[in-house]
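S.K.:
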Amino acid sequence: MITVGDVIRLALPEGTRVAAGRAGLDREVTWATRLRATPPAFGNLAEGELVLLPAGLLAALDERLTLGAVVRQLAGFKVAGIAHAGPVPAEARTAANKARVPLLELPPDADLARLEQEASLLITQRRRAVQRRGQEVGRRLMELAIAGEPLSALVRSLGELAGRTVALEDRIGAVLAVEGVAAGPPGEIVADLLAAAGAGLGAWLRVAAASSSAEPPTTVAVLGDGWARVVAPVIGREGLLGTLSLVVPRGTETPEDAQLTSRGAAACAVVLARDQAAASARREVELNVLDEILDGALRAEASLLRQARQLGHDLGQRHVALVARLDQTGGAPARSRDGRWATIGETLARTGALRDAPSLPLWRVRHNSAELVWPVAVAADAPRLARAIRDDLAVGLGDGSGGEAVALGYGRPRAGLAGIRQSHHEAKQALALGRRLHGPGHLTGFDDLGIHRLIFAAEGLPELRAFHDETLAPLIAYDRQHGAELVRTLDAFFAANAGPKEAAARLGVHRNTVLYRLDRVREITGLDLDDADVRLRLALALRVHLALFAGAEEGGVGANVDPATPLTRPTRGAIAGR
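Here the sequence shown stands for residues 1 to 578, where the numbers follow our numbering.
#1: Would you report the Cα separation of Gly-138 and Gly-264, rounded to the nearest angstrom?
#2: Ends of the alpha helix (DSSP H) at Gly-21?
#3: List the DSSP bridge partners of Gly-409.
#4: What do you reckon, are the CB atoms on Leu-53 and Ala-32 nearer than 7 Å?
#5: Would you say Trp-204 reaches chain B, if we count a Cβ-Cβ gap shorter than 7 Å as a contact?
#6: Please go through the same chain and pick out, in chain order, the residues whose beta-carbon is closer than 8 Å to the beta-carbon of Tyr-478, but skip the five residues on each side of it.
#7: Assuming Ala-386 contacts Arg-325 under a Cβ cut-off of 8 Å, what Cβ separation, rounded to an integer in Å, is found between them?
#8: Given Pro-413, which residues of its chain have a CB within under 6 Å of its CB, disregarding the five upstream and five downstream residues?
#9: Of all the options His-468, Gly-173, Ala-269 and Pro-255, which has the alpha carbon lying nearest to the alpha carbon of Ala-148?
#10: What first and last residue would you give for the beta strand (DSSP E) that runs through Leu-201?
#11: Could you tell me which of Ala-174, Arg-27, Ala-96 and Asp-528 sits nearest to Ala-347, measuring between CA atoms?
#12: Three or more C-beta pairs closer than 8 Å, one from the segment 277 to 287 and one from the segment 256 to 263: is that the case here?
#13: With contact counted as at least three CB pairs below 8 Å, one residue from each stretch, are the segment 96 to 111 and the segment 56 to 64 in contact?
#14: Below 8 Å, how does it come out for the segment 181 to 192 and the segment 201 to 214: are there three or more Cβ pairs, yes or no?
#15: Using the rule of at least 16 other Cβ atoms within 10 Å of the residue's Cβ for burial, across every protein chain shown, is Leu-151 buried or exposed?
#16: Can you tell me which residues form a DSSP beta bridge with Leu-362?
#17: In the DSSP assignment, find the beta strand (DSSP E) that holds Pro-249 and state where it starts and stops.
#18: Leaving aside the five residues before and after Arg-93 along the sequence, list all residues of the same chain whose C-beta is less than 7 Å from its C-beta, in chain order.
#19: For Ile-455, which three-state DSSP category applies?
#20: Indicate the three-state DSSP secondary structure (helix, strand or coil) for Thr-219 in the structure shown.
#21: Please report the Cβ distance between Ala-90 and Arg-72, rounded to the nearest whole angstrom; I am assuming they are in contact, meaning their Cβ atoms lie under 8 Å.
#22: Which residues mark the beginning and the end of the beta strand (DSSP E) in which Val-178 is found?
#23: Output the distance between the C-alpha atoms of Val-88 and Arg-17, rounded to the nearest integer angstrom.
#24: Compute the Euclidean distance between the alpha carbons of Ala-23 and Asn-97, then round it to the nearest angstrom.
#25: Which residue wins for smallest C-alpha separation from Ala-75, given the options Leu-57, Ala-55, Gly-48 and Gly-56?
#26: Measure the Cβ-Cβ separation of Gly-445 and Val-323 and say whether it is below 7 Å.
#27: I want to know whether the segment 527 to 545 touches the segment 458 to 471 - three or more CB-CB distances under 8 Å.
#28: So, using beta-carbon positions, are Asp-392 and Thr-351 closer together than 7 Å?
#29: Give the DSSP bridge partners of Val-544, in chain order.
#30: Return yes when the Cβ of Thr-165 is within less than 7 Å of the Cβ of Val-70, no when it is not.
#31: Would Thr-218 and Ser-245 qualify as a contact pair, given that the criterion is a beta-carbon distance under 7 Å?
#32: Output needed for Glu-553: all residues of its chain with C-beta closer than 6 Å, excluding positions within five of it in sequence on either side, in chain order.
#33: Using only the alpha-carbon positions, how far apart do Leu-141 and Leu-45 sit?
#34: What would DSSP say about Asp-170, mapped onto helix, strand or coil?
#35: How would you write the range of the alpha helix (DSSP H) that Gly-81 sits in, first residue to last?
#36: Let's see if you can read the secondary structure: which residues bound the beta strand (DSSP E) around Arg-64?
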């Protein structure tokens with residue numbers, strides 16, 4: 001960049017003095033323009049120009065025109081400075097100081113035509129030098145990118161070449177690399193500075209992401225504590241990959257900073273695209289491994305464990321399985337969930353739960369659910385981990401309408417392939433029953449299921465289904481045929497500790513309605529509800545019904561559950577996003 005001070009030192013004649021406006025001597029000069037006496041004298045001026053005023057020009061334009069009035073008018077065009085051939089009156093000096101516009105007094109015999117040419121030549125040469133500098137830096141950074149150097153090496157090299165603090169962020173604003181310099185902000189506060197001001201760039205980045213990846217545009221954004229960032233988008237084949245910023249003292253950004261930022265972003269795009277392709281291939285392998293872990297290995301377990309270990313996952317360690325689902329809440333209209341899990345990878349990447357994980361988690365998406373296998377160092381940490389992940393998913397996947405919630409179930413932490421599969425089975429059971437018992441958006445651990453854990457353990461026994469059908473089938477059939485709510489009433493009766501009044505309150509009906517329905521239960525089943533053993537039998541059958549069969553029956557305890565989500569085991573199918 002060439003400043004007014006540079007032009008005075010390198011292009012203007014001896015005897016030139018700064019009459020006023022010294023505060024603006026560091027303003028950038030984009031061009032030098034000599035005003036002519038032909039109107040409109042000010043019509044073609046642009047921001048950043050150094051305006052040369054010949055002696056006698058003002059009188060030629062208008063005898064009433066003063067230099068002070070011209071200074072005020074030119075300040076409105078945001079010119080870099082004003083050079084006047086001849087004495088400068090006090091009124092003009094006052095106006096220049098007020099506007100912080102440098103007002104220069106040239107010798108009366110100065111040749112303004114020659115000065116215009118020399119100043120413009122100086123500016124052109126400096127621009128070419130900046131361009132050459134940008135090309136050289138860009139070439140060196142691109143050589144590093146092509147040689148396979150990591151992003152940290154590119155950022156470090158750019159910081160050394162530019163003498164500025166450099167920060168690279170991914171497309172969601174997470175800092176990937178920082179290189180600090182003595183004249184810049186400390187590296188440990190750069191992330192906070194960028195995060196505090198990042199939201200304001202969204203609209204610009206959406207437009208800039210459509211630009212060429214080889215020559216991305218730049219802009220200047222204000223940061224806190226007196227800093228600013230010269231920022232360029234890092235653009236890939238499918239859009240924005242991230243941003244590259246040079247952090248500079250506010251007001252000192254130069255065209256060279258913009259050139260180097262743009263060139264650096266182009267080189268980072270090469271590395272990020274390469275890393276993205278490698279990550280995509282790794283993700284595909286991880287999905288195949290997770291499918292075999294959860295759905296049953298198609299090869300020797302030793303081979304599966306070995307490949308998982310090569311990917312950085314020690315399945316011999318303790319892991320907890322979690323299953324999350326998006327639920328509609330509060331009567332909100334159903335929305336398409338297609339693509340709603342597309343950002344789960346980014347959400348999980350920035351979750352605080354990763355900080356305490358002994359290794360990286362595995363995850364996949366199945367229809368409207370996300371299934372995660374998360375390493376845990378201490379089994380007792382599982383509830384806290386599950387809550388943190390559920391909360392982060394709710395923030396990352398929410399649409400801001402408040403009409404959706406994330407329900408999550410998690411199993412017991414277990415080690416080994418069989419243990420992880422068991423934890424996954426428990427997580428699905430916890431999710432399903434948690435939604436039935438507590439509604440949408442609930443966090444449920446398998447250990448929270450109480451007696452239902454025993455029921456799930458006996459799920460495969462034919463005696464359990466026979467016991468359920470012998471006890472409740474007549475009531476279920478009656479409810480289906482007559483639109484009655486005998487099963488639901490019976491469940492409310494037991495939940496109210498066999499109190500008809502409280503059961504009526506739970507159901508929102510009169511006490512006599514509850515008594516009538518209980519009489520019908522006695523008549524249909526032939527069972528005596530005053531017998532303690534009969535009550536235990538009915539209560540246990542209701543728990544079995546709720547845990548295993550309610551989603552498949554009409555009129556039962558689970559009748560308020562979304563019928564599109566019965567308690568069935570999901571089959572192996574396509575994984576979303578693969």
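Even glycine gets a Cβ: it sits at the ideal position worked out from N, Cα and C. These numbers come from a predicted model, not from an experiment.
M.R.: Quick look at the numbers:
#1: The sequence position of residue 138 within the sequence shown is 138, counting from 1. The sequence position of residue 264 within the sequence shown is 264, counting from 1. About 6 Å.
#2: Looking up residue 21 in the sequence shown gives position 21. Neither: Gly-21 is in no alpha helix (DSSP H) and is coded neither H nor E.
#3: Taking the first residue of the sequence shown as 1, we reach residue 409 at position 409. The partner list for Gly-409 (beta bridge, DSSP) reads Val-323 and Thr-444.
#4: One-based indexing of the sequence shown puts residue 53 at position 53. One-based indexing of the sequence shown puts residue 32 at position 32. Contact: no.
#5: In the structure shown, chain B does not exist; there is a single protein chain.
#6: For the purposes of this step, residue 478 is identified with residue 478 of the sequence shown, where counting begins at 1. Ala-484, Leu-486, Arg-520 and Ile-524, listed in sequence order.
#7: As a working mapping, residue 386 is identified with position 386 in the sequence shown. As a working mapping, residue 325 is identified with position 325 in the sequence shown. In fact, because the Cβ distance is near 14 Å, the residues do not count as touching under 8 Å.
#8: Indexing the sequence shown from 1 puts residue 413 at position 413. Excluding sequence neighbours, Pro-413 sits near Arg-318, Val-320, Val-376, Ala-379 and Ala-382.
#9: Residue 148 sits at position 148 when you count from the first residue of the sequence shown. What sits at residue 148 in the sequence shown is Gly, not Ala. Ranking His-468, Gly-173, Ala-269 and Pro-255 by Cα distance to Gly-148 puts Ala-269 first.
#10: Here residue 201 is taken as the residue at index 201 of the sequence shown, counted from 1. Run containing Leu-201: none; DSSP gives neither H nor E here.
#11: Working through the sequence shown from its first residue, we reach residue 347 at position 347. Looking at the sequence itself, residue 347 is Thr, so the reference to Ala does not match. Checked all of Ala-174, Arg-27, Ala-96 and Asp-528; the closest Cα to Thr-347 is Ala-174.
#12: no
#13: no
#14: no
#15: Taking the first residue of the sequence shown as position 1, residue 151 is located at position 151. Counting Cβ neighbours within 10 Å, Leu-151 comes out buried, since at least 16 surround it.
#16: Along the sequence shown, one-based indexing puts residue 362 at 362. BP columns for Leu-362 point to Val-373.
#17: Residue 249 sits at position 249 when you count from the first residue of the sequence shown. Taken as a continuous stretch (DSSP letters only), the beta strand (DSSP E) holding Pro-249 covers 239 to 249.
#18: What you label residue 93 is simply residue 93 of the sequence shown in a count that begins at 1. Here the set comprises Ala-19, Ala-20 and Leu-103.
#19: Locating residue 455 in the sequence shown gives position 455, counting from the first residue. It is helical.
#20: For the purposes of this step, residue 219 is identified with residue 219 of the sequence shown, where counting begins at 1. Three-state result, Thr-219: strand.
#21: What you label residue 90 is simply residue 90 of the sequence shown in a count that begins at 1. What you label residue 72 is simply residue 72 of the sequence shown in a count that begins at 1. Between Arg-72 and Ala-90 the Cβ distance is about 14 Å, and since that is not below 8 Å, they are no contact.
#22: Along the sequence shown, read from residue 1 onward, the residue named residue 178 stands at position 178. Note, Val-178: beta strand (DSSP E), 175 to 179.
#23: Taking the sequence shown and counting its residues from 1, the one referred to as residue 88 is at position 88. Taking the sequence shown and counting its residues from 1, the one referred to as residue 17 is at position 17. The alpha-carbon atoms of Val-88 and Arg-17 are separated by roughly 10 Å.
#24: By 1-based counting over the sequence shown, the position of residue 23 is 23. By 1-based counting over the sequence shown, the position of residue 97 is 97. Near 8 Å, if we compare the C-alpha coordinates of Asn-97 and Ala-23.
#25: Along the sequence shown, one-based indexing puts residue 75 at 75. Nearest option by C-alpha distance: Gly-48.
#26: For the purposes of this step, residue 445 is taken as the residue at position 445 of the sequence shown. For the purposes of this step, residue 323 is taken as the residue at position 323 of the sequence shown. Not a contact, by the Cβ cut-off of 7 Å.
#27: yes
#28: Locating residue 392 in the sequence shown gives position 392, counting from the first residue. Locating residue 351 in the sequence shown gives position 351, counting from the first residue. In this structure, Thr-351 lies closer than 7 Å to Asp-392 by Cβ.
#29: In the sequence shown, counting from the first residue as 1, residue 544 sits at position 544. In DSSP, Val-544 forms no bridge with anything.
#30: Within the sequence shown, the letter at position 70 stands for residue 70. Within the sequence shown, the letter at position 165 stands for residue 165. The answer is no: Cβ separation not under 7 Å.
#31: Counting from one through the sequence shown, the residue named residue 218 turns up at place 218. Counting from one through the sequence shown, the residue named residue 245 turns up at place 245. Result no, Cβ atoms of Thr-218 and Ser-245 do not sit closer than 7 Å.
#32: The count along the sequence shown starts at 1 and reaches residue 553 at position 553. Bear in mind that the predicted position of Glu-553 carries a pLDDT of just 45, short of 50, making it too unreliable to give a figure here.
#33: Here the question's residue 141 lines up with position 141 in the sequence shown. Here the question's residue 45 lines up with position 45 in the sequence shown. Rounded to whole angstroms, Leu-141 to Leu-45 spans 38 Å at the Cα level.
#34: To locate residue 170, count along the sequence shown from 1; it is residue 170. The answer is strand: DSSP assigns Asp-170 an E or B state.
#35: Numbered from 1 along the sequence shown, position 81 holds the residue referred to as residue 81. Segment 81 to 85 is the beta strand (DSSP E) holding Gly-81; no alpha helix (DSSP H) there.
#36: In the sequence shown, residue 64 corresponds to position 64, counting from 1. Unbroken run through Arg-64: none, as it is neither H nor E.
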